[in-house]
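When we follow the numbering used here, the leftmost residue of the sequence shown carries the number 97, and every step to the right adds one.
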Amino acid sequence: MKAMILKENCIVAENPSQFCHPDQPHKNYKEYYYKKNGNNNTNNSNNNLKLKSDPLELVEIPIPDIGFNDILIKVLACGVCRTELDQIEGRIVPPKLPIILGHQPVGIVIKIGKNVNKFKIGDFAGATWIFSSCGKCQFCKAGLENLCNEFKATGCHENGGYAEYMVINQSFAHKIPKKIINSKNNSKNSDKKDGKSDNHTNIDKLINIAPYMCSGVVGYRSLKLTEMENRKTLGLYGFGSAHHLVLQMANYLYPDSKKFVFTRNKKEQELALRLGANWVGNIKNKPPEKLDCAIDTTPVWKSVIFALENLQKGGRLVLNLIRKENIDKDFLLNLNYEKHLWLEKEIKSTANVTIKDGEEFLNLAAKIKIKPEITKYKLEDANKAIIDLKSGKSAGSKVIVM
Ligand SMILES: [Zn+2]
Ligand SMILES: [Zn+2]
97 MKAMILKENC IVAENPSQFC HPDQPHKNYK EYYYKKNGNN NTNNSNNNLK LKSDPLELVE
157 IPIPDIGFND ILIKVLACGV CRTELDQIEG RIVPPKLPII LGHQPVGIVI KIGKNVNKFK
217 IGDFAGATWI FSSCGKCQFC KAGLENLCNE FKATGCHENG GYAEYMVINQ SFAHKIPKKI
277 INSKNNSKNS DKKDGKSDNH TNIDKLINIA PYMCSGVVGY RSLKLTEMEN RKTLGLYGFG
337 SAHHLVLQMA NYLYPDSKKF VFTRNKKEQE LALRLGANWV GNIKNKPPEK LDCAIDTTPV
397 WKSVIFALEN LQKGGRLVLN LIRKENIDKD FLLNLNYEKH LWLEKEIKST ANVTIKDGEE
457 FLNLAAKIKI KPEITKYKLE DANKAIIDLK SGKSAGSKVI VM
């Protein structure tokens with residue numbers, strides 16, 4: 097099977113002008129990078145990182161075997177997440193290399209282990225960031241597999257979805273609800289009687305919802321963690337793949353709430369307004385009203401200070417990302433207890449996802465229209481998708497289509 101693998105950590109070059117030699121980082125860029133990541137990064141080989149425009153390599157490898165409780169998914173598409181950039185650049189170090197990245201795969205079940213009862217061959221299935229957990233600890237027993245010490249992540253601890261096939265234990269995979277996928281016969285292409293066109297339409301729909309598997313599911317978890325309620329105000333810092341879906345969820349769940357979006361990217365501001373945001377501005381701006389709840393997905397620290405300043409008394413800020421970058425960490429020295437924390441303001445992080453988050457979100461998505469705005473890339477063009485993600489080209493989600 098074809099797969100795009102990460103063999104070694106490197107710095108992703110946003111454009112060729114950053115090169116002075118094909119393999120060597122531009123001097124200034126390297127300084128910028130180390131300032132950004134700190135010299136004591138968990139990956140101690142960071143000082144030798146090369147600047148590359150092709151961090152992932154296309155390889156041909158055998159289709160993996162399955163265990164008794166596993167399913168083999170023929171991957172049709174896989175969403176691209178900012179976490180992949182963190183993994184490539186060493187802010188999150190994959191426990192083993194090489195690794196196939198990607199934790200938003202969707203596809204068709206083509207083989208099942210002999211104990212599998214949740215899936216049958218031909219089902220549409222997907223996986224999220226959770227690949228496995230121990231199932232025995234206090235957290236797992238409480239349905240908080242996301243906090244398990246043995247939490248393993250898809251495309252990080254084990255191979256993920258930047259490949260034509262992927263194996264996962266049935267308990268951690270999700271069936272894609274029929275309601276999300278099934279085409280109605282009013283589609284332009286479904287006038288033939290052989291059912292083939294319907295099938296194409298269904299596959300198209302499946303590809304389009306790949307971003308549900310992380311942007312959707314983790315976005316849903318972070319929205320839950322804000323303790324949002326109808327009529328409370330919501331602030332979204334950053335408007336990438338996750339927040340463009342969170343805004344759509346919030347419109348349905350909290351119809352009378354005002355939603356404010358903070359991003360400097362003009363394309364993202366336009367998309368936010370089109371999706372129903374009541375106001376857009378950049379992260380330094382003051383929204384028209386105080387925020388009862390806020391979520392920050394930006395890699396910088398400034399947004400934390402600005403969001404805390406804009407919080408209502410007793411408000412909560414949820415950070416939805418695995419790592420912040422260190423480039424503006426000094427900005428935290430502006431933290432003023434009275435202005436930013438006093439009067440019961442709270443900060444909480446979102447860590448990973450649970451099996452229940454996946455189920456709840458997919459059921460919600462089956463009820464309402466949550467439409468990802470996607471840009472498609474071929475598997476062999478995954479590097480381009482990563483570079484476009486880093487440089488902020490195009491709003492919405494990026495999806496690799498096999
Ligand atoms: Zn993700
Ligand atoms: Zn556990």
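Glycine is no exception: its CB is placed at the ideal position from the N, C-alpha and C atoms. A quick note: this is a predicted structure, and the numbers were derived from the prediction, not measured.
Outcome for residue i when other beta-carbon atoms lying within 10 angstroms are tallied against a minimum of 16
{"i": "GLN344", "result": "buried"}
{"i": "PRO395", "result": "buried"}
{"i": "SER229", "result": "buried"}
{"i": "ALA403", "result": "buried"}
{"i": "LYS103", "result": "exposed"}
{"i": "LEU332", "result": "buried"}
{"i": "CYS106", "result": "buried"}
{"i": "ALA238", "result": "exposed"}
{"i": "ALA109", "result": "buried"}
{"i": "ASN135", "result": "Here the model assigns ASN135 a pLDDT of 44, short of 50, so the residue's position is not dependable, and the following value carries that caveat. By the 10 Å Cβ count, ASN135 comes out exposed."}
{"i": "LEU330", "result": "buried"}
{"i": "GLU325", "result": "exposed"}
{"i": "ALA481", "result": "buried"}
{"i": "ILE401", "result": "buried"}
{"i": "GLU180", "result": "buried"}
{"i": "PRO384", "result": "exposed"}
{"i": "ILE418", "result": "buried"}
Closest by C-alpha distance to residue i, when choosing among the options
{"i": "LYS301", "options": "ASN479, ALA109, ILE482 and GLU469", "result": "GLU469"}
{"i": "ASN374", "options": "GLU476, LYS467, SER353 and ALA173", "result": "SER353"}
{"i": "MET97", "options": "GLY198, PHE164 and TYR261", "result": "TYR261"}
{"i": "GLU185", "options": "LYS210, SER490, LYS494 and ILE483", "result": "ILE483"}
{"i": "GLU434", "options": "GLN408, ALA447, LYS452 and ARG419", "result": "GLN408"}
{"i": "PRO201", "options": "SER399, VAL171, LYS148 and PRO190", "result": "VAL171"}
Residues that DSSP places opposite residue i in a beta bridge
{"i": "ARG412", "result": "CYS389 and GLU442"}
{"i": "TYR261", "result": "LYS170"}
{"i": "PRO201", "result": "CYS174"}
{"i": "ALA249", "result": "ILE226"}
{"i": "SER493", "result": "ILE470"}
{"i": "ILE214", "result": "In the sequence as presented, Ile is not what sits at residue 214; that position holds Lys. None, per the DSSP bridge assignment."}
{"i": "ASN358", "result": "Looking at the sequence itself, residue 358 is Phe, so the reference to Asn does not match. TYR333 and GLY377."}
{"i": "VAL155", "result": "ALA99"}
Delimiting residues of the beta strand (DSSP E) encompassing residue i
{"i": "TYR333", "result": "330–333"}
{"i": "MET100", "result": "98–102"}
{"i": "GLY377", "result": "375–377"}
{"i": "PHE402", "result": "Careful: PHE402 lies outside any beta strand (DSSP E), inside the alpha helix (DSSP H) at 398–406."}
{"i": "PHE164", "result": "Note, PHE164: premise wrong, no beta strand (DSSP E); not H, not E."}
{"i": "TYR271", "result": "According to the sequence as given, residue 271 is Lys; it is not Tyr. Its beta strand (DSSP E) spans residues 269–271."}
Where the alpha helix (DSSP H) through residue i begins and ends
{"i": "HIS340", "result": "337–349"}
{"i": "PHE457", "result": "451–463"}
8 Å contact criterion, which residue i and residue j should meet: CB distance rounded
{"i": "VAL155", "j": "ALA99", "result": "6 Å"}
{"i": "ASN242", "j": "THR450", "result": "5 Å"}
{"i": "ILE277", "j": "LYS207", "result": "The Cβ separation is near 20 Å, so there is no contact."}
{"i": "VAL263", "j": "PRO194", "result": "Actually they are not in contact, since the Cβ atoms of VAL263 and PRO194 sit about 16 Å apart, beyond 8 Å."}
{"i": "THR224", "j": "CYS310", "result": "6 Å"}
{"i": "LEU485", "j": "ILE391", "result": "Going by Cβ atoms, the distance from LEU485 to ILE391 rounds to 19 Å, so no, they are not a contact pair."}
{"i": "TYR258", "j": "GLY198", "result": "4 Å"}
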